[in-house]
Amino acid sequence: MAYILLYVDDIILTASSNALRCSIIALLSYEFAMKNLGRLNYFLGIVVTIHKGGMFLSQRNYTVEIIERAGMSSCKPTLTPIYSKPKLSANSNKSCRGPSYLTFTRPNISYAVQQICLHMHNSRIDHFNALKRIIRYVKGTLDHGLHLYPFSFSTLVS
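For reference, each letter of the sequence shown is one residue, going 351 to 508 in our numbering.
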């Protein structure tokens with residue numbers, strides 16, 4: 351079994367065996383000019399750290415960039431990404447693009463980001479405050495990310 355992730359002209363390839371991986375690389379190299387950059391370390395702003403039990407994906411540098419762009423480098427971190435009060439409403443001033451991309455490796459902020467993105471075309475002060483809270487939360491959790499572990503079975507489990 352092999353998986354190929356293609357983004358524009360970048361390819362990530364993984365296979366169940368080294369022989370299969372080498373065979374796919376040979377076939378692709380025959381058709382396309384390719385350069386093997388070796389083991390995956392960085393892709394689309396995501397740092398990939400391979401360890402004995404799997405891999406860890408993080409966006410620490412991107413998170414720091416979001417915090418700096420928001421002018422919140424010296425803010426006090428918070429323990430949760432969202433207030434426990436009622437949901438935001440359309441009548442309750444910033445873009446949610448930055449935090450949206452973070453949800454690739456930080457699924458724990460997905461709900462909070464989704465709530466501010468719902469109203470991004472008609473945002474109010476409540477939405478801006480919710481965005482600032484997300485930024486304060488990720489500031490306190492810079493080294494969090496997504497751990498991926500290998501499985502020995504090929505059936506879908508939910």
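All C-beta atoms, glycine included, are put in the ideal place defined by N, C-alpha and C.
Less than 8 Å between the beta carbons of residue i and residue j, yes or no?
i, j, result
"Ala352", "Ala365", "yes"
"Leu394", "Leu496", "no"
"Thr399", "Leu452", "no"
"Ser423", "Ile417", "yes"
"Tyr487", "Ile466", "no"
"Arg483", "Thr428", "yes"
"Arg456", "His401", "no"
"Ile374", "Leu390", "no"
"Gly404", "Tyr499", "yes"
"Phe454", "Ile396", "yes"
"Arg410", "Leu492", "yes"
For residue i, count neighbouring C-beta atoms within 10 Å of its own C-beta (all shown protein chains included) and say buried if the count is 16 or more, exposed if not.
i, result
"Pro431", "buried"
"Arg419", "exposed"
"Val463", "buried"
"Ser473", "buried"
"Gly448", "buried"
"Leu481", "buried"
"Lys385", "exposed"
"Lys426", "exposed"
"Ile485", "buried"
"His471", "exposed"
"Ile354", "exposed"
Bridge partners for residue i per DSSP, in chain order?
i, result
"Tyr323", "Given a span of 351 to 508 for the chain in the structure shown, any question on residue 323 remains unanswerable."
"Ala369", "According to DSSP, Ala369 bridges with nothing at all."
"Ser352", "One detail in the question is off: residue 352 reads as Ala in this sequence, not Ser. Looking at the DSSP assignment, Ala352 forms a beta bridge with Ala365."
Using beta carbons (cut-off 8 Å, strictly below), is residue i in contact with chain C?
i, result
"Leu390", "Structure shown: chain C not included; a single protein chain is present."
Where does the unbroken beta strand (DSSP E) through residue i begin, and where does it stop?
i, result
"Ala496", "A quick correction: the sequence has Leu, not Ala, at residue 496. Note, Leu496: beta strand (DSSP E), 496 to 498."
At which residues does the alpha helix (DSSP H) containing residue i begin and terminate?
i, result
"Asn479", "475 to 490"
"Ile466", "460 to 467"
Within the stretch 372 to 445, ranges of the beta strand (DSSP E) (whole runs, at least 3 residues): 396 to 401, 404 to 408
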